[in-house]
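Heads up: the structure comes next, in structure tokens.
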Amino acid sequence: MQTLNGTALAKKIKSVLAIEIEYLVNKYRRSPKLCIIMAGDDPANSSYVKSKKKSCNEIGILCDLNILPYATSQQELLTLIDSLNQNTEVDGILVQLPLPKHIDQNVVLQSIDYKKDVDGLHPMNTGLLNSSTDALIPCTPKGILSLLKAEGVSITGKHCVIIGRSNLVGKPMAQLMLRENASVTVCHSKTRDLPYLTRQGEILIIAIGHPNLVNAEMLKEGAVVIDVGINSVEGKLVGDIYNSIDVNNIEKKAAAISPVPGGVGPMTIASLLENVVEIYKKRMCD
Ligand code: GUN
209 MQTLNGTALA
219 KKIKSVLAIE
229 IEYLVNKYRR
239 SPKLCIIMAG
249 DDPANSSYVK
259 SKKKSCNEIG
269 ILCDLNILPY
279 ATSQQELLTL
289 IDSLNQNTEV
299 DGILVQLPLP
309 KHIDQNVVLQ
319 SIDYKKDVDG
329 LHPMNTGLLN
339 SSTDALIPCT
349 PKGILSLLKA
359 EGVSITGKHC
369 VIIGRSNLVG
379 KPMAQLMLRE
389 NASVTVCHSK
399 TRDLPYLTRQ
409 GEILIIAIGH
419 PNLVNAEMLK
429 EGAVVIDVGI
439 NSVEGKLVGD
449 IYNSIDVNNI
459 EKKAAAISPV
469 PGGVGPMTIA
479 SLLENVVEIY
489 KKRMCD
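See below:
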């Protein structure tokens with residue numbers, strides 16, 4: 209069984225970007241800049257945003273972290289986003305999700321200038337992705353596609369089954385796989401006979417957010433399995449399928465699997481860095 213090594217590929221992408229950024233900064237006399245906004249102090253989210261900032265800084269991207277109190281009002285958040293939209297030194301804006309319950313996530317995401325929408329969640333970018341044109345692509349699906357391609361997984365004509373229909377992963381992943389000429393099935397919590405569908409997946413992408421829902425019985429022999437889950441079980445990091453109860457049988461049946469940690473996680477960050485540089489280059493050439 210092949211292990212799809214996201215850590216190694218992300219490292220390679222970062223070193224190539226670092227060289228490109230050094231060249232661009234020399235040419236344009238300004239560093240690319242990302243602003244991350246987070247409201248509240250959820251420990252998992254705090255650790256994600258800190259690792260995003262660290263990765264930016266490692267390759268020459270400036271990164272401002274705006275950590276706001278949980279009680280921040282929607283209006284305060286919109287005012288901050290408006291000032292970042294206007295700020296010519298800011299290339300990318302990322303609002304870490306989820307937001308506090310009293311804030312309407314859609315209103316906030318739609319207030320971001322879509323040209324600075326590094327997460328690809330603005331309706332303009334989702335629309336552009338759906339019409340197969342130039343769009344900023346959400347980081348996790350973009351990273352998964354890069355990993356599949358780099359590991360030599362062919363996609364054209366394959367049946368790709370995705371479990372999860374979130375705006376962050378499932379829906380944009382489906383669009384990307386369609387664009388790559390796969391046949392796509394999207395499953396979710398209301399899907400009837402999930403095992404029947406997962407057994408057809410030559411590429412199976414699991415983005416559920418809790419472990420042990422998928423076992424070896426539910427896999428097609430020789431499937432390529434992408435595990436998007438990050439779950440903490442008794443203090444240990446496990447995926448939705450990787451290191452789950454049935455992992456030994458899963459490893460016997462699958463042709464390839466992305467591990468947790470070290471699979472999709474580092475690729476999400478690498479794609480974020482790529483998106484910041486893509487926006488910066490567009491803005492400098494406009
Ligand atoms: N929360 C968990 N993953 C993500 C992500 O990729 N982007 C944003 N904005 N929030 C997240």
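Here our numbering = 1-based position in the sequence shown + 208. Beta carbons: idealized from backbone N, C-alpha and C, even for Gly. In this text, all values refer to a predicted model and were calculated from it rather than measured experimentally.
query: Does the Cβ of K461 have 16 or more other Cβ atoms within 10 Å, making it buried, or fewer, making it exposed?
result: As a working note, residue 461 is residue 253 in the sequence shown. The residue is buried, with at least 16 neighbouring Cβ atoms inside 10 Å.
task: Would you be able to state if there are at least three C-beta pairs under 8 angstroms between the region 271-281 and the region 229-245?
output: yes
query: Would you say the beta carbon of Q193 comes nearer than 7 angstroms to a heavy atom of the ligand GUN?
result: Coverage of the chain is limited to positions 209 through 494, which leaves residue 193 absent and any answer about it impossible.
Own chain, CB closer than 6 angstroms to R387, minus 5 neighbours either side, in chain order: For the purposes of this step, residue 387 is identified with residue 179 of the sequence shown, where counting begins at 1. Closer than 6 angstroms at the Cβ level, and outside the excluded window around R387, lie S340.
- request: Look up M246 in the DSSP assignment and say whether it is helix, strand or coil.
  value: Position 38 of the sequence shown, counting from 1, holds the residue named residue 246. Strand.
- prompt: Just checking, does the region 344-356 make contact with the region 377-391 on the three C-beta pairs under 8 angstroms criterion?
  reply: yes
message: Determine whether the beta carbon atoms of I267 and K235 lie at a separation below 8 angstroms.
response: In the sequence shown, the residue the question calls residue 267 occupies position 59. In the sequence shown, the residue the question calls residue 235 occupies position 27. No, the pair does not count as a contact, with Cβ atoms beyond the cut-off.
- prompt: So, D327 versus L353, is the Cβ gap smaller than 8 angstroms?
  reply: As a first step, residue 327 must be located in the sequence shown, where it is residue number 119. As a first step, residue 353 must be located in the sequence shown, where it is residue number 145. Cβ atoms of D327 and L353: not closer than 8 angstroms.
query: Count the other CB atoms within 10 Å of the CB of Y231; is the residue buried (16 or more) or exposed (fewer)?
result: To locate residue 231, count along the sequence shown from 1; it is residue 23. With fewer than 16 other Cβ atoms within 10 Å, it is exposed.
task: Could you check what DSSP says for G300 in three-state terms: helix, strand or coil?
output: Residue 300 sits at position 92 when you count from the first residue of the sequence shown. Note: G300 maps to strand in three-state DSSP.
- request: Check whether the region 402-409 touches the region 428-437, counting contact only when three or more Cβ pairs, one atom from each stretch, lie closer than 8 angstroms.
  value: yes
Inter-stretch contact at 8 angstroms, needing at least 3 Cβ pairs: the region 211-219 / the region 457-476: yes
query: Where does D494 sit, in a helix, a strand or coil, going by DSSP?
result: Taking the sequence shown and counting its residues from 1, one reaches residue 494 at position 286. In this structure, D494 counts as coil in the three-state DSSP scheme.
query: Hey, would you say the C-beta of T280 is under 7 angstroms away from at least one heavy atom of the ligand GUN?
result: Sequence index remark: in the sequence shown, residue 280 carries index 72 (1-based). T280: no, Cβ never under 7 angstroms from the ligand GUN.
task: Indicate, with yes or no, if the ligand GUN has a heavy atom lying under 7 angstroms from the CB of V303.
output: Locating residue 303 in the sequence shown gives position 95, counting from the first residue. Yes, since a heavy atom of the ligand GUN falls inside the 7 angstroms radius drawn around the Cβ of V303.
- request: Leaving out five residues on either side along the sequence, give the residues of the same chain with a beta carbon under 8 angstroms from the beta carbon of V257.
  value: For the purposes of this step, residue 257 is identified with residue 49 of the sequence shown, where counting begins at 1. The answer, listed in chain order, is I244, M246, L273, I275, Q304.
query: Is T476 near the ligand GUN, with its Cβ less than 7 angstroms from a heavy atom?
result: Locating residue 476 in the sequence shown gives position 268, where the first residue counts as 1. T476: yes, Cβ under 7 angstroms from the ligand GUN.
message: When you compare the CB positions of Y488 and P240, do they come within less than 8 angstroms of one another, or not?
response: Start at 1 with the first residue of the sequence shown, and residue 488 comes out as number 280. Start at 1 with the first residue of the sequence shown, and residue 240 comes out as number 32. Contact flag set, yes.
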